[in-house]
Amino acid sequence: MPEPTTDPLPPATSPPLTPMMARYQEVKAQNPGALLLFRMGDFYELFYEDAQTAAKVLGLTLTSRDKGSPNPTAMAGFPYHALNGYLQKLVRAGYRAAICEQVEDPKQAKGLVKREVTQVVTPGTLTDDALLDPRESNFLACVAPGKEVCGLAWLELSTGRFWVMDVALANVADELARIRPAECLLPEDSRQHPVQLAMSTLAPSVLCERPAWCFSRENCRQRVLEQLGVLTLEGFDLDGDSIGITAAGALLEYVRQTQKSELSHITRIEPYRRGQTLLIDEATRRSLELTHTLRGGQREGSLLAVLDETVSPMGARLLAEWLSNPLTDAAAINRRLDAVQELVHDGGLRQALRDLLKDAYDVPRLTARIATGRASPRDLVFLARTLAILPRLKAKLAGRRASRLSDLEGRIELCAEVRTEIEAAIVDEPPLLITDGGVIRDGYHASLDEYRDLAKGGKAWIAKYQAEEIQRTGIPNLKVGFNRVFGYYLECTAAQADKVPADYIRKQTLKNQERFITPALKEYEDKVLRAEGQATSLEQELFLALRTRVAQYSPRLRENAEILAEIDVLAGLAELAVQQGYCRPEIIAEPALDIHEGRHPVLDRLMPRGHFVPNDIQLGEQVGRVQIITGPNMAGKSTYIRQAALLTILTQMGSFVPATSARVGLADRVFARVGASDELGKGQSTFMVEMTETARILNAATARSVVILDEIGRGTSTYDGISLAWAVTEFLHDAIGCRTLFATHYHELTQLTGSLKHAANWNVAVREQNDAVVFLHKIVPGAADKSYGIHVAQLAGVPSDVLERAKIILKTLETDHVDETGKTRIPTRVVRKREKQLALFGPVENHPVLDELRQMNVDTMSPDAALRELQRMRQLVGQ
Ligand code: ADP
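Residue numbering for the sequence shown follows the working numbering, beginning at 439 and increasing consecutively.
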């Protein structure tokens, strides 16, 4: 989080605070660490340092409140209707904002208007659609540090989904990388705790320290029980004494403090079990760019962006969840694949489902707003429109072969009565706010209709009354007007005032006009105004009652939301498979990988169609568990090994894969040690990072894991590097026995296959054409015979002199690279000058052009003349 603003109390020399500023100080002190947006009339104002911060972050003009005083108070503000836009900017910049509203009508206030903080908006507790990305989940996480095991809880407040787990200290970073919280709470007394290492993988603005008392075990347990309305957590398959529950309780406490509203949509807590998902550690997740790119952290360019053919926001969020949590249970994966397959084959069904889903609104978020009493009239109408889709969706899914599809069909609850009620009560296009009126349909409630008629009729009566009075008085310009001070009145020009009848009561004399009231006018005015007021409050009452009734359906609505999201994901994966020519992977029992014409899903999509060169991948007991892939840089080695990891992940999330056929033995973990790391900023050398990640793999991989390694040992001297790579490969082959793809440009490693039974050499095919090299990107059996590094250097534009010299050195090294004393033998150098450039600045020191240049008075020359001179001089030097 950016530095919390600490507002010093005004200097002692200042005049005493006004009551309002005293209240400001009080509220500010109750909300440390948040910018205070203080409502004053139609504006939100910020003071002191908050004002300075807001001026910087929001681009507001900094002014001062008491300009005359020696210590004016800094102040900045914006109109109330611009709140959402400014909140968005503040939250994106990592700030928290406490919104302090006027909680009573200023007209009715005796003395100072009462002001209270109604919500603290923080990055992890956003619920407003305007502040949220519809296609991304927004998680608040909480870590309760323990000795060896930590508690971890995470919540999506905008939908009410809530998870908890106990996790080994060493795995906290991996779990946080999976969750990607927008905000992560931890106790302030944990600064020395080893869990801080895991925290350092999160951006500092995400972290939020909480007082240690919020993490008291017993209080936390009680808070969780209270929230879920239960006496024990056994029903949720949770151990109430686990440290995860401490994290869950501390998280709920924070949400309660910041939201100051009902959290009735949080009714479930789900235990998260690591064993049921494919484990992907933090480094692997990052370097495979599953949901966000390595550089820039964008969704665009990630695997997720390429896979996403969903048509609804909830579908997009669920797809990200599936990709972040691939499964390990073959039956569960096959159920997903069966469903995708049926939707691939039945194009009509797929299209029909996707067309229906396009009209669905974000039901999980809508439902949460309904449950927490924040839903607008529009939200209810959107819910009804989405419910209207369900009967057609259910009918389309009826009788499907894939069990997952028929399960979903069976679980859909039409909630027809909710839809009928909403449709009967609310107009088709209601205003955003209930206070705007005109929300409830005519004919829904007899008294409301009566009030409305009266209000409308009363106005008609006034028009009629005006006409009658003109007749009665003979004053043609007599008219009925209205003002806030004395309501309806009759008005005529001063010149006509002596014509008014005796029952007119004079109310006001203006320069040219006289204003009167009459008992009849007042009587009708009363009726009209009362009827309008009654209509407004009855309308609100009816709306709130309806919303409360709908809220009782929350669990069923939430279930429907999950079904809609899942149908969208399955149909989206099927659409992707059809569009991109993916095939269904076959899940096999043995730990093998057998892929024909596989493609890297992201590169394949980014390149023009048909340009990506497909490759086979064969790993297993028979064909070799360990593949050593040699070939020049830029040939496509890391693309190939990443492809193997990505296709495994795609399979285990239940997706088809970019290949013509694929047989995949399920993995328990995928490890990737690939690509340049961007950890240098954290003070670790590239080599140190590389070795730390390698150590983790060697310690954690099992025989069912898939490991991809790219250029291990590159960050140290050649011999060190080769030796380490050699030993790592042996260890993975002998001690672990996992599927391993090892890309390297060290030729020496190809000799490993001589001693390792299950290792095989592969290389990237290269075609040489008249001294030029073409990378074919095709992986073929056998070891590479050359490294082509010099060719790559040539492609990169390294000067030809350097390339020639490198070729000579290479030849010597390849034939006879140490002398009698053991020193590397480097052929003697023929020193050559950089001829072209020396031609101007070496032998031509006394060239006449130089004299001319020295004598030229540039200050007095026109640009034209200078240009002509320049051209002439160029001719003189032969250019
Ligand atoms: P290496 O790891 O051997 O240095 P990369 O895998 O990084 O090489 O690939 C370098 C570039 O070659 C990629 O960015 C991509 O543009 C291209 N490339 C790699 N594999 C393929 C392929 N199978 N088909 C087409 N282009 C490829």
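The C-beta atom is built at its ideal place from N, Cα and C for all residues, glycine as well.
query, result
"Do Val1112 and Ile1079 have their beta-carbon atoms positioned less than 8 Å apart in this structure?", "yes"
"Report the residue ranges of all alpha helix (DSSP H) runs contained in full by the region 823 to 864; include only those spanning at least 4 residues, in chain order.", "828 to 835, 841 to 849 and 854 to 863"
"Answer yes or no: the CB of Gly1235 versus the heavy atoms of the ligand GTP, is any distance below 7 Å?", "Ligands displayed in this structure: the ligand ADP; the ligand GTP is not among them."
"Which residue from Arg706, Ile1160, Leu1305 and Val693 puts its Cα closest to that of Glu997?", "Arg706"
"When you compare the CB positions of Glu847 and Leu835, do they come within less than 8 Å of one another, or not?", "yes"
"Restricting to Cα atoms, I'd like to know which of Val923, Gln946 and Gly925 is closest to Ala932.", "Gln946"
"Which first and last residues belong to the alpha helix (DSSP H) in which Gln526 is found?", "Leu521 to Arg530"
"Helix, strand or coil for Gly753 per DSSP?", "helix"
"Taking only heavy atoms of the ligand ADP into account, decide whether any of them is closer than 7 Å to the Cβ of Phe1180.", "no"
"Quick check: the Cα distance between Asp782 and Phe820, rounded to an integer number of angstroms?", "Looking at the sequence itself, residue 782 is Val, so the reference to Asp does not match. Roughly 30 Å between the two C-alpha positions."
"For Leu1041, verify whether its CB is less than 7 Å away from any heavy atom of the ligand ADP.", "yes"
"Quick check on this structure: which residue in Lys527, Ile537, Glu464 and Leu787 has the alpha carbon closest to the alpha carbon of Phe481?", "Ile537"
"The beta strand (DSSP E) with Val555 in it runs from where to where?", "Arg553 to Val559"
"Does the pairing of the region 861 to 876 with the region 799 to 817 give three or more beta-carbon distances under 8 Å?", "yes"
"Okay, do the region 1080 to 1091 and the region 1129 to 1137 touch, 3+ Cβ pairs below 8 Å being the bar?", "no"
"What distance in whole Å lies between the Cβ atoms of Ile771 and Gly1359, which are believed to be in contact at a cut-off of 8 Å?", "No answer is possible for residue 1359: the residues shown for the chain start at 439 and end at 1317."
"Using CA coordinates, which residue listed in Met1299, Ala1304, Ala1073 and Gly1069 is at the minimum distance from Gly1220?", "Gly1069"
"If you reduce the DSSP assignment to three classes, tell me which class Thr443 lands in.", "Low confidence applies to Thr443: its pLDDT is 46, below 50, so where it sits in the model is not reliable enough to give any reading."
"In chain order, which continuous runs of the alpha helix (DSSP H) of length 4 or greater are located wholly inside the region 1062 to 1134?", "1075 to 1091"
"Here's the rule: buried if 16 or more other CB atoms are within 10 angstroms of the residue's CB, otherwise exposed. What is Tyr1157?", "exposed"
"Give a yes or no on contact between the region 538 to 558 and the region 571 to 579, applying the rule of three or more CB pairs nearer than 8 Å.", "no"
"Note down, in chain order, each residue of its chain lying with its Cβ closer than 8 Å to the Cβ of Leu1308, except the 5 sequence neighbours on either side.", "none"
"Of all the options Ala1105, Leu948, Pro649 and Arg1152, which has the alpha carbon lying nearest to the alpha carbon of Gly1175?", "Ala1105"
"Alpha carbon to alpha carbon, what distance is there between Pro454 and Ser507?", "12 Å"
"Determine which residues share a DSSP beta bridge with Cys658 and list them.", "The partner list for Cys658 (beta bridge, DSSP) is empty, contrary to what the question assumes."
"Checking 8 Å against the spacing of the C-beta atoms, do Ser740 and Leu728 come in under that value?", "yes"
"Using beta-carbon positions only, say whether Cys588 and Val633 come within less than 8 Å of one another.", "yes"
"Give the straight-line distance between the Cα atoms of Ala969 and Glu906, rounded to the nearest whole angstrom.", "24 Å"
"Buried or exposed: where does Ala940 fall if 16 or more other Cβ atoms within 10 Å of its Cβ makes it buried?", "exposed"
"Entirely within the region 608 to 664 and at least 3 residues each: give me those beta strand (DSSP E) ranges in chain order.", "621 to 625 and 645 to 648"
"Looking at Val1051 and the ligand ADP, is the gap between the Cβ and the nearest heavy atom below 7 Å?", "yes"
"Considering only their Cβ atoms, is the gap separating Glu1028 from Ala1100 smaller than 8 Å?", "no"
"For Arg1170, tell me which candidate among Val1064, Leu1248 and Glu1206 has the shortest Cα-Cα distance.", "Position check: residue 1170 holds Leu in this sequence, whereas Arg was assumed. The shortest Cα separation from Leu1170 among Val1064, Leu1248 and Glu1206 belongs to Val1064."
"Along the alpha helix (DSSP H) that carries Gly811, what are the first and last residues, could you check?", "Counting along the chain, Gly811 falls outside any alpha helix (DSSP H), and DSSP gives it neither H nor E."
"Exposed or buried, what is Trp760 when buried is set at 16 or more other beta-carbons lying within 10 Å of its beta-carbon?", "buried"
"Leaving out five residues before and five after Leu1147 in sequence, what residues of the same chain have Cβ atoms less than 6 Å from its Cβ?", "Arg1111 and Phe1180"
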